[in-house]
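Participant:
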Amino acid sequence: MLLPGITSPAATWEFVAYRLAAFNDVYVLDHRGRGLSQSGGELGYRLDDYASDVEAFIRTLGLNKATILGHSMGARIAIRHAVRFPEQVGRLILVDPPVSGPGRRPYPVPLDYYLRSLDEVECGTGFEVMQKSLPWTDGQLEMRMEWLPTCDRTAIIESHKSFHDEDIHGDLPHIETNSLLMYAELGDTVRDEEAEEIRAAMPSCTKMRIDGAGHMIPWDKMEIFVNAVRQFLAEASPRTHSQ
868 MLLPGITSPA ATWEFVAYRL AAFNDVYVLD HRGRGLSQSG GELGYRLDDY
918 ASDVEAFIRT LGLNKATILG HSMGARIAIR HAVRFPEQVG RLILVDPPVS
968 GPGRRPYPVP LDYYLRSLDE VECGTGFEVM QKSLPWTDGQ LEMRMEWLPT
1018 CDRTAIIESH KSFHDEDIHG DLPHIETNSL LMYAELGDTV RDEEAEEIRA
1068 AMPSCTKMRI DGAGHMIPWD KMEIFVNAVR QFLAEASPRT HSQ
């Protein structure tokens, strides 16, 4: 089960899901306030709200010990879900999770960036702006142009606020699930020492840095990403050492 980030509706991860579906059934969740899911200012956008949605999705489909792969905000949600509903989780893959929180450095991407991107797409100038700043294919940019407007502003604002006032590090020691932390060399979301802190806090965690990749790791290093996921899932025993 794949949990995307703060402004990534499920459709924008379709090309990644196709690759992962070569060796697993894959479900990509539209978080509340994004894509085809319900949105609105009356909804809650805290980690517990998102984690409850994941629990309901897994329970409704009757999935048994699912592998949860979360990217960015999705990784923070995966952490909270694994603590609250450990019986649903078989393995856990955390991809470049924001490590911000109370008493920690801020998330490197400011809220204004997300809101400005939404404004640019809505007024028709987003493609040219993204083309200059993102090393993506035209197809990937067009997909983002199509789906970014489905992201509710309140959802973005409240989720970005959650990056800074909700703590994930207190959850980590309670996760016994066999886990992989995959983090990008570039983008400054997770630094080496922060990755080691996460690995050390989790009883069964391996860490892997993806050199040359920015925050959107599959966009930059698809083959390395897919191979890392495949290898991790193929492992039969818990992995308790770093790499």
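So the numbering used here is basically just the index in the sequence shown, starting at one, shifted up by 867. All C-beta atoms in this analysis are idealised placements derived from N, C-alpha and C, irrespective of residue type, glycine included. If you're wondering where the values come from, they're calculated on a predicted model, not measured in any experiment.
Confirm, please, whether the CB-CB distance from Lys1074 to Leu1100 is below 9 Å.
Facilitator: no
Participant: Report all residues from its chain with a CB closer than 6 Å to the CB of Val1093; omit the five preceding and five following residues, and keep chain order.
Facilitator: Arg886
Participant: Write down every uninterrupted run of the beta strand (DSSP E) in the segment 908-960 whose length is 3 residues or greater and which is fully enclosed by it, in chain order.
Facilitator: 933-938
Participant: Could you give the residue range of the alpha helix (DSSP H) that holds Leu1100?
Facilitator: Met1089 to Ala1101
Participant: Taking the straight line between their C-alpha atoms, what separation do you get for Thr1004 and Met868?
Facilitator: 25 Å
Participant: How many angstroms separate the CA atom of Gly872 from the CA atom of Met1069?
Facilitator: 22 Å
Participant: For the structure I just gave you, are there three or more beta carbon pairs, one from the segment 925-944 and one from the segment 1012-1023, closer than 8 Å?
Facilitator: no
Participant: Going by DSSP, what residue range makes up the beta strand (DSSP E) through Arg1076?
Facilitator: Cys1072 to Ile1077
Participant: Compute the Euclidean distance between the alpha carbons of Ser939 and Val1057, then round it to the nearest angstrom.
Facilitator: 10 Å
Participant: Helix or strand or just coil, what does DSSP make of Tyr981?
Facilitator: In this structure, Tyr981 counts as helix in the three-state DSSP scheme.
Participant: Identify whether Met1083 lies in helix, strand or coil by the three-state DSSP scheme.
Facilitator: coil
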